[in-house]
Every structure is written in C-alpha cells, then in structure tokens.
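K.L.:
Those sequence lines, one after another, are chains A and B.
In our numbering, each residue carries its 1-based index in the first sequence increased by 1437.
In our numbering, each residue carries its 1-based index in the second sequence increased by 1437.
Let me give you the structure first, and then I'll get to my questions.
There are 2 protein chains.
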Amino acid sequence: MSEEKIAIIGGTGDLGFGLALRWARAGVQVIIGSRDETKAKEAVQRLQKALDAHAPTESSRISVSGLENAKAAAQASILVLAVPISAQVAILKSIRGSLGNAILVDATVPLAAALGGKPTRMLRLWQGSAAEQARELVPAATPVLAAFHNVSAEALQDLSVTPECDILVCGDDEAAKQTLFRLVKLIPGLRPIDAGPLEMSGIVEGITALLISVNRRYRVHHSGIRITGLDLKA
Amino acid sequence: MSEEKIAIIGGTGDLGFGLALRWARAGVQVIIGSRDETKAKEAVQRLQKALDAHAPTESSRISVSGLENAKAAAQASILVLAVPISAQVAILKSIRGSLGNAILVDATVPLAAALGGKPTRMLRLWQGSAAEQARELVPAATPVLAAFHNVSAEALQDLSVTPECDILVCGDDEAAKQTLFRLVKLIPGLRPIDAGPLEMSGIVEGITALLISVNRRYRVHHSGIRITGLDLKA
C-alpha cells in the first residue's frame, strides 16, 4: 500500500469519483471529499459496491473514507481538486487553511459551459489557467500541480474499461511531480508525462475542450491523448 | 497520382520542406513556394537529392517545381502556409490576390519566440489564433483550414523515420477538410483527425508549445500526439 493518502476534493463528481475508484482499487488510501459529508459517505458506499461487483477479491483491502472537503484536506498528503470551474475559487478558499504540507493537484477546466457557453470553448482566466488561479489562492508553500484534465471521467468510472490516456502534468515543484507520477502509474492505462512548468497548464486545460470537440465529431465518449516519440520504458 | 496540386508557401523552411518531400514521394504534384524563386528552385534540387538518396525508384515519378510564392499560389488547388508567425501577415497579403479557388491550410504557430520570448510560450492573437488571423486576411470564398502544427518538421525531413503523429484539422468547410484528409493519409505515419471548427485552432496551435516543452524535458526531437479512443479503421 502506498504511504500517500489522497483526498479527492469533489470526489462525488464524475472525474473525482473515477479517480477515487481507480486509486482505491490500486490499494491507495483515498478520502472522498464533498461539501456535504453525507454525500461523501454515499459515494464511499457506491465505490465499495462498484469494486465488489467488478473485483471482489480486491475490495477487501481498500481504504476509503468520506469527509467534508476541509476535513478531507487536513488528513491528506495529496489533494486532487476535481470540481467545476464555477466552484473552484469558493472551494479552495474553504480548504486552504487546512492544507498543511499537502500537494494540491488542480484538475479544473475553465470551460465556457460554466457561463452557459459551449463545452468546446474555454474561458480566458486572468491568471492564464485554472491551475494558475489555484496557485494564487493557496499558501505559497503548497506545491501546485495541474493534471487529469484530459482523461475520460466516464472511462475511469467503468472498471471494465482500461483508460488510454497520458496524464500531462504541469508544475514548478519537481519533488511533488515525482510523487504524483508514482500515483498516476498505479492506474492501468494512464502514463504521466512531464509537460513543463505550471504556466503550460492553460494549454493542457484547453486540450479538454479539443477532446470534447473530437468526442462529438466521432460520436465517442472516451477520447484521450498520447504523446508519441518519447522512447520511454514502461 | 493525385489530381491535387499543392503549393507549400514557405516550402524552403523545415516544416514546409518536410511536407513537400513527403508529398512528392507519395506522387503528389508539389510546388515549393518562396519569397525568392532562386531559393525555391534550390529547395527542389535538395528535395530531388533526398529522394534519390533514399528512394531512387520513386524519384523518377515525382513532380516538384519551385516558384515565387504568389506564382506558386496561383497554380495550386491547395496551399499550405508554413511560415514563421512573424512573416504570416505579409506573405498572406502578397498571395491573397492569387488564390483563385484554392484551399488555404494554415500551419502557423504564434510562438512567443517571434518576439524574442520562449518557444514554449504563445502569443495571444486578437483573432484567437494564427489560423483565424489568416481567415481574416484572405477572401471570404477561400476555405481556410488549420493543420500540421504538431508534427515534427525534423521527422518529416528524415526519410528514414516514419513520423508518428495525428494531424488535428480545424475548419468550417467540410469539403475542404475531406480533400485535406485524403492528402494527409498519403503520408505514412500521419492520421488526420477532425478537431472541429476553425475556432478550435488556437488550442491546436498551443499543443506545439506543449510539445516543444516535452521535447526539452525528455531530450527528444520528434514528440507528437495521438488521439486515443476513436475506434477508427485505418
């Protein structure tokens, strides 16, 4: 079992729940965070059921709990923020006093849908990206990474599917990146790629709108991306 | 042999020359355009030499000529604009009177390097993207597509390598897209993907900066992207 304890802020939503499910299955300690602790605990039950149905032998060793977001943040060594852009600022303000030494991984995508626009269009945030907006809102000592924007939430939630996607990770803290890389590698089908500093995150967020456009054109739900030409082992 | 005649505006540069080489090899009629006709003709000789060295049996059936940009444009059914962003506006103004019914494929990437900045940073153009800037500069009847931003120019120029990259194509003219798709498929290793309307091109252009960042981090030269989860034949 990994020594890391991951809190998924917004763990009842599609992306957050999918990540919680996959990490729980891999034996990582997961805390599902929600604004409403009752909903968090319901998500834990839903997760347990999904694992029981699909992988009963693995479900005995999982460690998942459900807590209100700030309590979840206080107990974790890594937080993944998987919330709609419309909720990002308020939720970060509600948890930033509880971060301790944790790494914050922002997965927020500023889709224009948040303001009633198209999901294939992006909002242009003053800071450059949702992740850079998150960077401003948490203590300077908190390492902030951007990741998980491009993987299909639907694929993550369906244990009969192996997601096929590279996880482009942006950030300015190399040690935090290495920690996240190890955790990404625990989920079959995902491969972490170092995409550079946090200032690259706006491009990675934009790829989500591109994949939504591709999903529509090709009538699929699971499109993702792979970086080619890297000659990486494993 | 394809009935299309492709003019590569900026065909003496890395990306343009690489595309000219690959299409010529595939039997497509190619015109290398340059601001300087002498340079265009030198590039034709260079192309012929590269094919002679690598694939002598194929070099006999190629059809490549070199012309000044506007003359090249006037003779082609498709133009690929493969010029630095700093030259894009001036060159488009110089050829827009010669476009006839041709399709314009913009491959320009607005990297901050054009103003002395980092090649991993983008310029934010008023129109949203270089391709949308091109759209403004040519007649309304000219179909404008965006493509070829992400493929490694180095890989295209090295005939011992098969490039491994999807070509994300943006545009608002479906018939033009289908024409370009056919031409992309003639180059082994490239796969055309419909990325949606021209307004998505800013994201596709941005992926180039991301790949430059990845190339640096991983000390490679040929990184590219593939879209996964499409279940396409061939």
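Every residue, glycine too, gets a C-beta built ideally from N, C-alpha and C.
Predicted, not measured: the structure shown is a model, and the values here were computed from it.
Starting from B:ILE1443, trace the beta strand (DSSP E) both ways and give me its first and last residue.
P.N.:
Numbered from its first residue, the second sequence carries residue 1443 of chain B at position 6. It spans 1442-1446 - the beta strand (DSSP E) in which B:ILE1443 sits, taken as one unbroken run.
K.L.:
Starting from the Cα of A:SER1589, find the closest Cα among A:LYS1476, A:ASP1668 and A:ASN1652 and give me that residue.
P.N.:
Mapped onto the first sequence, residue 1589 of chain A falls at position 152. Residue A:ASN1652 is the option with its Cα nearest to A:SER1589.
K.L.:
Less than 8 Å between the CB atoms is what I'm expecting for A:PRO1521 and A:ALA1551, so what's the real figure, rounded?
P.N.:
The residue given as residue 1521 of chain A occupies position 84 in the first sequence. The residue given as residue 1551 of chain A occupies position 114 in the first sequence. With 8 Å as the limit, A:PRO1521 and A:ALA1551 qualify as a contact, their Cβ atoms being about 6 Å apart.
K.L.:
Distance cutoff 9 Å, beta carbons only. Does B:ALA1487 sit that close to anything in chain A?
P.N.:
Translated into the one-based positions of the second sequence, residue 1487 of chain B becomes position 50. By this cut-off, B:ALA1487 is not an interface position.
K.L.:
Around the Cβ of B:ASP1603, are there at least 16 other Cβ atoms within 10 angstroms (buried) or fewer (exposed)?
P.N.:
For the purposes of this step, residue 1603 of chain B is taken as the residue at position 166 of the second sequence. It is buried - the Cβ of B:ASP1603 has at least 16 other Cβ atoms within 10 Å.
K.L.:
When you compare only the Cα positions, how much space is there between A:GLY1643 and B:GLU1573?
P.N.:
Taking the first sequence and counting its residues from 1, one reaches residue 1643 of chain A at position 206. Taking the second sequence and counting its residues from 1, one reaches residue 1573 of chain B at position 136. The straight-line gap from Cα to Cα measures roughly 23 Å.
K.L.:
With contact counted as at least three CB pairs below 8 Å, one residue from each stretch, are the region 1542-1551 of chain A and the region 1504-1520 of chain A in contact?
P.N.:
yes
K.L.:
Taking CB distances under 9 Å as the criterion, tell me whether A:GLU1569 reaches chain B.
P.N.:
As a first step, residue 1569 of chain A must be located in the first sequence, where it is residue number 132. Not an interface residue.
K.L.:
To the nearest angstrom, how far is it from the Cα of B:PRO1556 to the Cα of A:GLN1485?
P.N.:
In the second sequence, counting from the first residue as 1, residue 1556 of chain B sits at position 119. In the first sequence, counting from the first residue as 1, residue 1485 of chain A sits at position 48. Taking the straight line from one Cα to the other gives about 47 Å.
K.L.:
Go through its chain and collect everything with a Cβ distance to B:VAL1481's Cβ below 8 Å, but skip five positions before and after it.
P.N.:
In the second sequence, residue 1481 of chain B corresponds to position 44, counting from 1. The residues are ILE1469, VAL1501, SER1502 and GLY1503.
K.L.:
Is it buried or exposed for B:PRO1600, if we count other Cβ within 10 angstroms and need 16 for buried?
P.N.:
Your numbering for residue 1600 of chain B matches position 163 in the second sequence. Buried: at least 16 other Cβ atoms inside 10 Å.
K.L.:
Where does A:LEU1504 fall in DSSP's three states?
P.N.:
Working through the first sequence from its first residue, we reach residue 1504 of chain A at position 67. In the structure shown, A:LEU1504 sits in a strand (DSSP, three-state: E or B).
K.L.:
Of all the CB atoms in chain B, is at least one closer than 9 Å to the CB of A:GLY1633?
P.N.:
In the first sequence, the residue the question calls residue 1633 of chain A occupies position 196. Yes, A:GLY1633 counts as interfacial toward chain B.
K.L.:
From the DSSP output, read off the bridge partner residues of A:ASP1603.
P.N.:
Numbered from its first residue, the first sequence carries residue 1603 of chain A at position 166. A:ARG1628, per the DSSP bridge assignment.
K.L.:
For B:ALA1463 and chain A, any beta-carbon pair shorter than 9 Å?
P.N.:
Looking up residue 1463 of chain B in the second sequence gives position 26. It does not: the Cβ of B:ALA1463 has no partner Cβ on chain A nearer than 9 Å.
K.L.:
Which residues in chain B sit within 9 Å of A:GLU1601, going by Cβ to Cβ distance?
P.N.:
For the purposes of this step, residue 1601 of chain A is taken as the residue at position 164 of the first sequence. Ordered by position in chain B, the residues that pass the 9 Å Cβ test against A:GLU1601 are THR1665 and GLY1666.
K.L.:
What three-state label does DSSP hand B:ASP1543 in the structure shown?
P.N.:
For this step, residue 1543 of chain B is matched to residue 106 along the second sequence. B:ASP1543 falls in the strand class under three-state DSSP.
K.L.:
Going along chain C, which residues have a C-beta under 9 Å from B:THR1557?
P.N.:
The structure shown contains no chain C; the protein chains it does contain are A and B.
K.L.:
Hey, quick one: how far does the beta strand (DSSP E) through B:ILE1662 stretch, first residue to last?
P.N.:
Taking the second sequence and counting its residues from 1, one reaches residue 1662 of chain B at position 225. Here the beta strand (DSSP E) through B:ILE1662 covers 1661-1665.
K.L.:
Closest Cβ-Cβ distance between A:ARG1654 and chain B: below 9 Å?
P.N.:
Residue mapping note: residue 1654 of chain A aligns to position 217 of the first sequence, counting from 1. By this cut-off, A:ARG1654 is an interface position.
K.L.:
From A:SER1566, A:LYS1478 and A:LYS1442, pick the residue whose C-alpha is nearest to that of A:THR1449; which is it?
P.N.:
Locating residue 1449 of chain A in the first sequence gives position 12, counting from the first residue. The candidate whose alpha carbon is nearest that of A:THR1449 is A:LYS1478.
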